Amino acid sequence: MTTYQLDGLSALGDGTRRAIFERLAAGPHSVGELAAQLPVSRPAVSQHLKVLKEAGLVGDRADGTRRVYHVNPEGVAALRAYLDRFWNQALAGFKEAVEQRPKEKK
Amino acid sequence: MTAQATDTAVRTSIVVEAPQELAFDVFTKEMASWWPRDHHILEGELAEMVFELEEGGRIYDVGVDGSICRWARVLVFQPPECLVISWDITPDWKLQTDLDKTSEVEFRFLPEDREHTRVELEHRHLDRHGGGWEGMRDAVGSPDGWNRSLRALRERTDEVGANR
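Just so you know, the sequences run in chain order E and G. The numbering of the first sequence is the working numbering, which starts it at 1 and goes up by one. The numbering of the second sequence is the working numbering, which starts it at 107 and goes up by one.
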């Protein structure tokens, strides 16, 4: 499972994939809709979606002739990826705060 | 800073240049000084964060309008080494009142040497937040839901990323 999870966490390390994930968090979108909103080509969007899907962060379903993508609401992967980033950000803030304190106990 | 995850938990750690006791004190008594500013579940602006320094205590946010949100219970309080709090927050950043659907976060403060402390974090039992994720699904479409957190998060992670 480790490889799968690291994929899940690192999947959001890419700026374009994060932008795609955010748009899907706002609601389901097709590849075409995503490509129209982002400065990347349809094939590039498809490639990013494939990575997000393999990481368990998004799912897809057929809607007529097109395929619609959504944030995966079943798995813990999306929450985990989100909280991983949150805590790394929070701890970085803590490091900054604690190291700015005068050294009292040298 | 490293990060890894197991199936229903997130783990990460960081080394700070501070003795163990100081690290623990700043972490708990001065939580507002380092907690990400946008990550509160109050309706209005945050006035202060209060950390009750005992087992059975609470962590709560106080808004400028006087509103109070108790978002964590202090489960273990062992200064300056260990701290476990509950995470009474839904995936869409709202207060979770059903305690069966809350997770918990353990922080360990391990002295590396006299001047450095490693803070290890484990946020576990994430599966307790519930299958189906209906709440998140509803919330992610709202402007105040996940989106806002993600936007703030992106700005910060970009900053952090740029400094790496």
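Ideal Cβ positions, reconstructed from N, Cα and C, are used throughout, including at glycine. Bear in mind the structure is a predicted one, so any value in this text is a computation, not a measurement.
{"Check": "Interface residues of chain E facing G:E212 [CB-CB closer than 7 Å]", "Outcome": "Within 7 Å Cβ-Cβ: nothing; G:E212 doesn't reach chain E, min ~12 Å."}
{"Check": "Residue burial classification, G:D194 (beta-carbon count within 10 angstroms, cutoff 16)", "Outcome": "buried"}
{"Check": "Residue-chain proximity (G:D244, chain E), Cβ-Cβ < 7 Å", "Outcome": "The predicted model places G:D244 with a pLDDT of 42, which falls under 50 and marks its position as unreliable, so this point remains unresolved."}
{"Check": "Own chain, CB closer than 6 Å to G:V211, minus 5 neighbours either side, in chain order", "Outcome": "I191, W193 and H229"}
{"Check": "Unbroken alpha helix (DSSP H) run spanning E:W87, endpoints", "Outcome": "A77 to Q100"}
{"Check": "Status (buried if at least 16 other CB within 10 Å, exposed otherwise) for G:V182", "Outcome": "exposed"}
{"Check": "Within chain E, the residues that G:E136 reaches when beta carbons sit closer than 9 Å", "Outcome": "A97, V98 and R101"}
{"Check": "Short Cβ contact (7 Å threshold) for G:L152 with G:D167", "Outcome": "yes"}
{"Check": "Under 8 Å by beta carbon: chain E residues contacting G:F133", "Outcome": "F94 and V98"}
{"Check": "Nearest-angstrom Cβ-Cβ length linking E:V68 and E:S30, presumed shorter than 8 Å", "Outcome": "5 Å"}
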